[in-house]
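Q: Chains as they are written, first to last, in my numbering: chain R, 568 to 986; chain H, 722 to 1196.
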Amino acid sequence: MEKYDIVIIGGGPAGLGAAIEAKKQGITKVLVIERDIELGGILQQCIHNGFGLHIFNEELTGPEYAQRFIDMAREENIDILLDTIVISISKDKKIKAMNTTGVLNIEAKAIVLAMGCREKTRSSIAIPGDRPAGVFTAGAAQRYINIEGYMVGKKVIVLGAGDIGMIMARRIVLEGGEVLAVLARGSIVKGLTRNIVQCLDHYNIPLLYNHNITKITGKERVESVTVAQTDEKKEVIPGTEKVYECDTVLLSVGLIPENELSRIAGIEIDRKTSGPFVNESMETSIPGIFACGNVVHVHDVVDFVTEESRRAGANAARFVKGEKSESESMNTIVSGGITYCVPHRIRYSAMPDKLDLFMRVENKYDKATIVINNQGNELVRFKKTNLTPGEMIKQSVKKSLFEKAKGDIEITLEVGGSK
Amino acid sequence: MYDVAIIGAGVIGTAIARELSRYNLKIVILDKENDVSVGTSKANSGIIHAGFDPEENTLMAKLNEEGNKMFDTISEELSVPFKRNGSLVVAFDDEQLEHINKLKQRGINNGIPGLKILSKEELLKKEKSISQEAKGALFAETAGIIDPMLLTISFMENAVMNGAEYFLNFEVKSIKKEDGNYRVASQNNSVIAKYVINAAGVFADKIHDMVAEPAFKINTRRGQYFLLDKEEGKVISSTLFPCPSKIGKGILVAPTIHGNVILGPASDDIPEREDVGTTEEILNKARTGARLLIPKITTRNNIRNFSGMRAEPSTDDFIIKEAAGAPNFIDVAGIKSPGLTAAPAISLYVVSILKEKGLALNKKESFNPIVKRKFFIEMTEEEQSVLIKKNSLYGRIICRCENITEGDIVDAISRKPGATTMDGVKRRCRAGMGRCQGGFCGPKVQQIIARELNKPLEEIVLEKKLSYILTGKSK
Chain R
568 MEKYDIVIIG
578 GGPAGLGAAI
588 EAKKQGITKV
598 LVIERDIELG
608 GILQQCIHNG
618 FGLHIFNEEL
628 TGPEYAQRFI
638 DMAREENIDI
648 LLDTIVISIS
658 KDKKIKAMNT
668 TGVLNIEAKA
678 IVLAMGCREK
688 TRSSIAIPGD
698 RPAGVFTAGA
708 AQRYINIEGY
718 MVGKKVIVLG
728 AGDIGMIMAR
738 RIVLEGGEVL
748 AVLARGSIVK
758 GLTRNIVQCL
768 DHYNIPLLYN
778 HNITKITGKE
788 RVESVTVAQT
798 DEKKEVIPGT
808 EKVYECDTVL
818 LSVGLIPENE
828 LSRIAGIEID
838 RKTSGPFVNE
848 SMETSIPGIF
858 ACGNVVHVHD
868 VVDFVTEESR
878 RAGANAARFV
888 KGEKSESESM
898 NTIVSGGITY
908 CVPHRIRYSA
918 MPDKLDLFMR
928 VENKYDKATI
938 VINNQGNELV
948 RFKKTNLTPG
958 EMIKQSVKKS
968 LFEKAKGDIE
978 ITLEVGGSK
Chain H
722 MYDVAIIGAG
732 VIGTAIAREL
742 SRYNLKIVIL
752 DKENDVSVGT
762 SKANSGIIHA
772 GFDPEENTLM
782 AKLNEEGNKM
792 FDTISEELSV
802 PFKRNGSLVV
812 AFDDEQLEHI
822 NKLKQRGINN
832 GIPGLKILSK
842 EELLKKEKSI
852 SQEAKGALFA
862 ETAGIIDPML
872 LTISFMENAV
882 MNGAEYFLNF
892 EVKSIKKEDG
902 NYRVASQNNS
912 VIAKYVINAA
922 GVFADKIHDM
932 VAEPAFKINT
942 RRGQYFLLDK
952 EEGKVISSTL
962 FPCPSKIGKG
972 ILVAPTIHGN
982 VILGPASDDI
992 PEREDVGTTE
1002 EILNKARTGA
1012 RLLIPKITTR
1022 NNIRNFSGMR
1032 AEPSTDDFII
1042 KEAAGAPNFI
1052 DVAGIKSPGL
1062 TAAPAISLYV
1072 VSILKEKGLA
1082 LNKKESFNPI
1092 VKRKFFIEMT
1102 EEEQSVLIKK
1112 NSLYGRIICR
1122 CENITEGDIV
1132 DAISRKPGAT
1142 TMDGVKRRCR
1152 AGMGRCQGGF
1162 CGPKVQQIIA
1172 RELNKPLEEI
1182 VLEKKLSYIL
1192 TGKSK
């Protein structure tokens, strides 16, 4: 059985960030296991720019951003297994993997989960109608176009105004195709505002709010889709149906963290994020198994993934060195329009001087205040403007605020003007 | 010149082909599609019924009972996973309790073993997530679950291994009597056969009418389903039915042989025979129906909706006999539920009819009943290591939802008849059948098919001839 100090599952930005950080903290035996034939994860197919503004203060494409981390990983002499898939992990940190050389059994002192996420499919939103070819998730279409070099269609409807959907709408137009419309399934766009401007407005692609596909038609290839307006409950308004002739439907209807391995290991999963519960050190419910990036919660900016992964890598290193934090943990409990907060648990003794909290809200708020309370005492409040579900909130909090805190940390939103 | 031509490569046609391939006969199977198992056989509940449903003294009752008993041997011989998980018909009131007692008696009359009425307590002990409103159930221990596509494909592979020939993309346009034989013709090809088997599913009446006076009509009934993620797989272990009504067995909830959960079918009659779309209204019925049995079931983890078609005969029973006025032309028509269960028994029954009509049946010495198939993920770690050493493609997982390796996919393509389409691969080895529905592995599977068949990537289609995936090179 091969032995490593830290094994990182996934060689995308999260996995690489964690590996490099662990190595910098003095851990010698670090292994990254990647299922694809190259490192970089989904960034390799994201050939548009906009990556790296926070971390590198410049605008990079996905492959460029990935390459910086790949180069750093090579410089740090991190062991890398490509074209290798992890089949299972156990509580005692034994890993079963395989590749074309055979079945590999590996033992680790700490594991970092960095498997990323996958796209929701047509079935997850149950679009009725025929089942012809020509219905793609936006990411699958992105792979065909940007990596394989093939077009997926000529006349396209995009369902869901997520980031990948909007970016792919622009890509289709740049490749000579036509995008009839991008449909947002509610009154709020899930993607970043900058993508509405740069991908849709600049290319005159119509963005239809409160619209959904009610039927896909086509025996063999998509021939048309029926589109209808929806009310505030997202129910179809009868009589508003309109048929669009097209040969392709791209779906950008959400992402789900990929936690099949976490479940095999028995790690506790948060139903809201679909990722593991983690503490301030990005440690899961199993001591010594850490997680970071989109496997924990879906990010919209890769730079935040990098920050999170450094935290996971550094703490995995600390765990391997035997540094223990024994203090009791406090749960972060959200309410009032905040949908979740990562980390879910905080141990005072293990907190860095400044801890970043990642949160999302369920609605659009022009003005709101995030209030953090503990046992009826207000610890701190942060005024915010232009909150939207599509943009993750990063809020850093000082350790000293929590010195006397006990029990649950309550995080809530006061909507409207400030007090 | 063939001894027997079989029209239709669904579970009925292929089961008959396999049975006939035991004898020294020249057999040909014809299908209008580019693969086997793409009609009714690909989209159904995958249930092997115990046999208490059909009315006594019908062909359905006889062939259901006989067919069910054959599945242990068949699944073993053909390497098709099968499990007798048992079924429960759940009663919710006194009237329904009376009805399940009637069903039990009918089952006994049909010769079905292992039927038992369970009290509410026994039922809730057996299936913990079942509705508290349930009053009791009829338990049938011989009911089972199977992968209907893999069964059909395996019947076909075994028939072909044993000498049967086949033509795909062969849509029968005419059947003419010629010197005491039949000439069965498509647009640009034809075969001559002494005997013809009409196993054309929802088109069986049209095929019949090519050689004989109209004798029956086939209506297409469409059944719509949800297929849930394996995460929901532990919610039940038996197949649950509500009390049956005049129009069918109702909306069931069942585990699948691969560990998913299936809800459905919610049915409607459709004018167009192959309109297998889904509708919101009917899907909602499937969901509501399933919740009557298991209140907590959700479709949050739905991984696929689909609908399948059933050949509803205008007679109430299977139609398996020589067509009047067309000697040696045998209809095997109106094979609705329990057609899958009955398929192996139907094949024996058809062979006995052929014998009666004078077909000489001489056993073939070389007949081999075994289809070998083992997926990488089902092997022990030792077997896996050995296999990867022998063929390194088994070390590369392509479909990570179902853990299907490149070796499994290449095998699916190189079998006879092998997969040539994305769905062909999926039906043979489950790549793309999982929760991401091919989102990740789709492009890779397409490349593997193109490589193995030495074709351009754009020519690899999803399923039917014109279901192209790519529209050309990008800029």
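Backbone N, C-alpha and C define an ideal beta-carbon position, used for all residues, glycine too.
1. Tell me where the alpha helix (DSSP H) around residue 1067 of chain H begins and ends.
2. So residue 1024 of chain H packs on residue 1156 of chain H, CB below 8 Å; how close in whole Å?
3. Can you find a CB in chain H that lies within less than 8 Å of the CB of residue 719 of chain R?
4. Would you be able to state if there are at least three C-beta pairs under 8 Å between the stretch 908-918 of chain R and the stretch 933-945 of chain R?
5. Report buried or exposed for residue 687 of chain R, applying the criterion of at least 16 other Cβ atoms within 10 angstroms of its Cβ.
6. List, in chain order, every chain R residue whose beta-carbon is nearer than 9 Å to that of residue 1080 of chain H.
7. Does residue 670 of chain R come within less than 8 Å of chain H when only Cβ atoms are used?
8. Which residue's Cα is closest to the Cα of residue 932 of chain H: H:1051, H:1008, H:1132?
9. Measure the CB-CB distance between residue 947 of chain H and residue 1008 of chain H and report whether it falls below 8 Å.
10. Would you mind reading off the limits of the beta strand (DSSP E) that contains residue 792 of chain H?
11. Helix, strand or coil for residue 762 of chain R, going by three-state DSSP, please let me know.
12. Taking the beta strand (DSSP E) that residue 855 of chain H falls in, what are its first and last residues?
13. With C-beta atoms as the reference, is residue 658 of chain R less than 8 Å away from residue 672 of chain R?
14. With 8 Å as the threshold, decide whether the Cβ of residue 791 of chain R is near any Cβ in chain H.
15. Would a C-beta distance cut-off of 8 Å place residue 704 of chain R and residue 1113 of chain H closer than the cut-off?
16. What is the rounded straight-line gap between the Cα of residue 1185 of chain H and the Cα of residue 1193 of chain H?
17. Between residue 1145 of chain H and the rest of its own chain, which residues show a CB-CB distance below 7 Å, the 5 nearest in sequence each way excluded?
18. Should residue 685 of chain R be flagged as near chain H, meaning a C-beta pair shorter than 8 Å?
19. Classify residue 724 of chain H as helix, strand or coil using the three-state DSSP reduction.
20. Just list the beta strand (DSSP E) runs in the stretch 595-656 of chain R, keeping only unbroken ones of 3 residues or longer that don't cross its boundaries, in chain order.
21. Below 9 Å between beta carbons is the criterion; list the residues of the stretch 1149-1165 of chain H that meet it against any residue of chain R, in chain order.
22. Spatial neighbours of residue 789 of chain R within its chain, please: CB distance less than 7 Å, with the 5 preceding and 5 following residues excluded, ordered by chain position.
23. Using beta carbons (cut-off 8 Å, strictly below), is residue 630 of chain R in contact with chain H?
24. From the DSSP output, which residues share a beta bridge with residue 811 of chain R?
25. Between the C-alpha atoms of residue 980 of chain H and residue 680 of chain R, what's the straight-line distance to the nearest angstrom?
26. Within 8 Å (strictly less), CB to CB, does residue 700 of chain R reach chain H?
27. For residue 844 of chain R, which of helix, strand or coil comes out of DSSP?
28. Using the beta-carbon count (16 or more within 10 Å), is residue 986 of chain R buried or exposed?
29. With C-beta atoms as the reference, is residue 861 of chain H less than 8 Å away from residue 844 of chain H?
30. Which same chain residues, not among the five before or five after residue 984 of chain H, have their C-beta less than 6 Å away from its C-beta?
31. Assuming the contact rule is C-beta atoms closer than 8 Å, residue 1118 of chain H and residue 1125 of chain H should be a hit. Round their C-beta distance to whole Å, please.
32. Give the single residue among H:958, H:1106, H:892, H:991 whose Cα lies nearest to the Cα of residue 941 of chain H.
33. Tell me, please, whether the CB atom of residue 837 of chain R is closer than 8 Å to any CB atom in chain H?
34. Check for me: the alpha helix (DSSP H) holding residue 836 of chain R runs from which residue to which?
35. Quick check: what's the CA-CA separation for residue 810 of chain R versus residue 1002 of chain H?
36. List the residues of chain R that residue 1105 of chain H touches, going by C-beta distances under 9 Å, in chain order.
A: Answer, in terms of the structure:
1. Walking along the second sequence from the start, residue 1067 of chain H turns up at place 346. Where residue 1067 of chain H is concerned, the enclosing alpha helix (DSSP H) stretches over 1060-1077.
2. Walking along the second sequence from the start, residue 1024 of chain H turns up at place 303. Walking along the second sequence from the start, residue 1156 of chain H turns up at place 435. Confirmed, about 5 Å.
3. Position 152 of the first sequence, counted from the first residue, corresponds to residue 719 of chain R. Cβ-Cβ to chain H under 8 Å: yes for residue 719 of chain R.
4. no
5. For the purposes of this step, residue 687 of chain R is taken as the residue at position 120 of the first sequence. Within a 10 Å sphere around the beta-carbon of residue 687 of chain R sit 16 or more other beta-carbons, which makes this residue buried.
6. The sequence position of residue 1080 of chain H within the second sequence is 359, counting from 1. Neighbours of residue 1080 of chain H on chain R: none; closest Cβ ~38 Å, over 9 Å.
7. The residue labelled residue 670 of chain R in the question sits at position 103 within the first sequence. So yes, residue 670 of chain R belongs to the interface.
8. If you number the second sequence from 1, residue 932 of chain H lands on position 211. Of H:1051, H:1008, H:1132, the residue nearest in Cα terms is H:1051.
9. Reading the second sequence from its first residue, position 226 is the one you call residue 947 of chain H. Reading the second sequence from its first residue, position 287 is the one you call residue 1008 of chain H. Yes. Within cutoff.
10. Position 71 of the second sequence, counted from the start, is the residue given in the question as residue 792 of chain H. Annotation for residue 792 of chain H: no beta strand (DSSP E) segment contains it, though the alpha helix (DSSP H) segment containing it runs 780-799.
11. Translated into the one-based positions of the first sequence, residue 762 of chain R becomes position 195. Helix, per DSSP.
12. Looking up residue 855 of chain H in the second sequence gives position 134. It is not in any beta strand (DSSP E) - residue 855 of chain H carries neither H nor E in the DSSP assignment.
13. Residue numbering aside, residue 658 of chain R sits at position 91 when the first sequence is read from its first letter. Residue numbering aside, residue 672 of chain R sits at position 105 when the first sequence is read from its first letter. No, these two residues do not count as a Cβ contact at 8 Å.
14. The residue labelled residue 791 of chain R in the question sits at position 224 within the first sequence. So, not an interface residue.
15. Mapped onto the first sequence, residue 704 of chain R falls at position 137. Mapped onto the second sequence, residue 1113 of chain H falls at position 392. In this structure, residue 1113 of chain H does not lie closer than 8 Å to residue 704 of chain R by Cβ.
16. Along the second sequence, read from residue 1 onward, the residue named residue 1185 of chain H stands at position 464. Along the second sequence, read from residue 1 onward, the residue named residue 1193 of chain H stands at position 472. Computed Cα separation, rounded: 19 Å.
17. Your numbering for residue 1145 of chain H matches position 424 in the second sequence. So the qualifying residues of the chain are 756.
18. Numbered from 1 along the first sequence, position 118 holds the residue referred to as residue 685 of chain R. So yes, residue 685 of chain R belongs to the interface.
19. Start at 1 with the first residue of the second sequence, and residue 724 of chain H comes out as number 3. Strand.
20. 597-600, 616-618, 646-648, 652-656
21. 1156, 1157, 1158, 1159, 1160, 1161, 1163, 1164
22. Within the first sequence, residue 789 of chain R is the residue found at index 222, counting from 1. These residues qualify, in order along the chain: 699, 701, 702, 783, 813, 814, 815, 816.
23. Taking the first sequence and counting its residues from 1, one reaches residue 630 of chain R at position 63. Residue-level contact by beta carbon fails for residue 630 of chain R and chain H, as no gap is shorter than 8 Å.
24. On the first sequence, residue 811 of chain R is found 244 positions in, with the first residue counted as 1. Residue 811 of chain R is bridged to R:792.
25. The residue you call residue 980 of chain H lines up with position 259 of the second sequence. The residue you call residue 680 of chain R lines up with position 113 of the first sequence. Each residue's alpha carbon lies about 26 Å from the other.
26. Residue mapping note: residue 700 of chain R aligns to position 133 of the first sequence, counting from 1. Chain H, which has a Cβ nearer than 8 Å to the Cβ of residue 700 of chain R, makes this yes.
27. One-based indexing of the first sequence puts residue 844 of chain R at position 277. Three-state result, residue 844 of chain R: coil.
28. Here the question's residue 986 of chain R lines up with position 419 in the first sequence. Caution is warranted here: a pLDDT of 43 is assigned to residue 986 of chain R, below 50, making its placement in the model unreliable, and no coordinate value can be reported.
29. By one-based count along the second sequence, residue 861 of chain H stands at place 140. By one-based count along the second sequence, residue 844 of chain H stands at place 123. No, the Cβ-Cβ distance between residue 861 of chain H and residue 844 of chain H is not below 8 Å.
30. Counting from one through the second sequence, the residue named residue 984 of chain H turns up at place 263. So the list reads 947, 974, 1007, 1011, once near-sequence residues are dropped.
31. Translated into the one-based positions of the second sequence, residue 1118 of chain H becomes position 397. Translated into the one-based positions of the second sequence, residue 1125 of chain H becomes position 404. Residue 1118 of chain H to residue 1125 of chain H, Cβ: 7 Å. Contact.
32. As a working note, residue 941 of chain H is residue 220 in the second sequence. It is H:991 whose Cα lies nearest to the Cα of residue 941 of chain H.
33. Locating residue 837 of chain R in the first sequence gives position 270, counting from the first residue. It does not: the Cβ of residue 837 of chain R has no partner Cβ on chain H nearer than 8 Å.
34. Walking along the first sequence from the start, residue 836 of chain R turns up at place 269. Run containing residue 836 of chain R: none; DSSP gives neither H nor E here.
35. Taking the first residue of the first sequence as position 1, residue 810 of chain R is located at position 243. Taking the first residue of the second sequence as position 1, residue 1002 of chain H is located at position 281. So the alpha carbons of these two residues sit roughly 19 Å apart.
36. Within the second sequence, residue 1105 of chain H is the residue found at index 384, counting from 1. Correct list: 665, 669, 670.
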